[in-house]
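Reading through the structure tokens given below for one structure.
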Amino acid sequence: MTQIRDAALSLFRIVVGLLFACHGAATLFGVLGGPRGGTIPSVGEWPDWWAGVIELGAGGLVVVGLATRAAALLCSGTMAYAYFTVHLPKGLFPLQNGGETAAMFSWSFLMVALLGSGAWSLDKIVSRLHHRGSEATVHQL
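Following the numbering used here, the numbering of the sequence shown begins with 147 at its first residue and continues without gaps.
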């Protein structure tokens, strides 16, 4: 059961991270359907450019499973900020205010941050290599 859980968690992390990174690429570069509103934000423009950078960068880290918990927490917080500042003023419920995507991403990334990267991740590889390096050092003593 643990193998199935780890595989499912890895697939969930990869899919959610890839969708988020694609959203960031669309925002920053106008690819994959283009930016929302039709214009690409200027470098450093708050909050659109920064959101795009976080979506692409941290979303990419989540996809490959590197620094997964920190990257997922950053993604979750970014989408929570978007929900509360952009969507909530338009109405209380996500279906009223158009915030379904922000809410879903925020909760999805919070789950990844809490549960970890799963079996298929660079975090696991780095951990194994670090553990092997520690064993080699102990054996040399």
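Where a beta carbon is used, it is the ideal one built from N, C-alpha and C, also for glycine.
Being a predicted model, the structure only gives us computed values, none of them experimental.
Under three-state DSSP, which class holds residue i?
| i | result |
| --- | --- |
| valine 284 | Legend: pLDDT at valine 284 = 46, less than 50; position of this residue unreliable, value from coordinates given subsequently. In the structure shown, valine 284 sits in a helix (DSSP, three-state: H, G or I). |
| tryptophan 196 | helix |
| threonine 224 | helix |
| proline 240 | helix |
Taking 8 Å as the cut-off, decide whether the C-beta atoms of residue i and residue j are in contact.
| i | j | result |
| --- | --- | --- |
| alanine 218 | alanine 197 | no |
| valine 177 | alanine 171 | yes |
| alanine 259 | aspartate 152 | no |
| asparagine 243 | leucine 256 | no |
Compute the Euclidean distance between the alpha carbons of residue i and residue j, then round it to the nearest angstrom.
| i | j | result |
| --- | --- | --- |
| valine 284 | histidine 276 | Because valine 284 carries a pLDDT of 46, less than 50, the predicted location of this residue cannot be relied on, and no value is offered for it. |
| alanine 167 | glycine 223 | 15 Å |
| alanine 288 | methionine 225 | It is not possible to answer for residue 288, since the shown part of the chain is limited to 147 through 287. |
| serine 188 | cysteine 221 | 21 Å |
| phenylalanine 230 | glycine 245 | 9 Å |
Out of the options, point me to the one whose CA is closest to residue i's CA.
| i | options | result |
| --- | --- | --- |
| leucine 268 | Leu261, Gly211, Ile160 | Gly211 |
Any C-beta of chain B sitting closer than 8 Å to the C-beta of residue i?
| i | result |
| --- | --- |
| alanine 226 | In the structure shown, chain B cannot be found, because there is only a single protein chain. |
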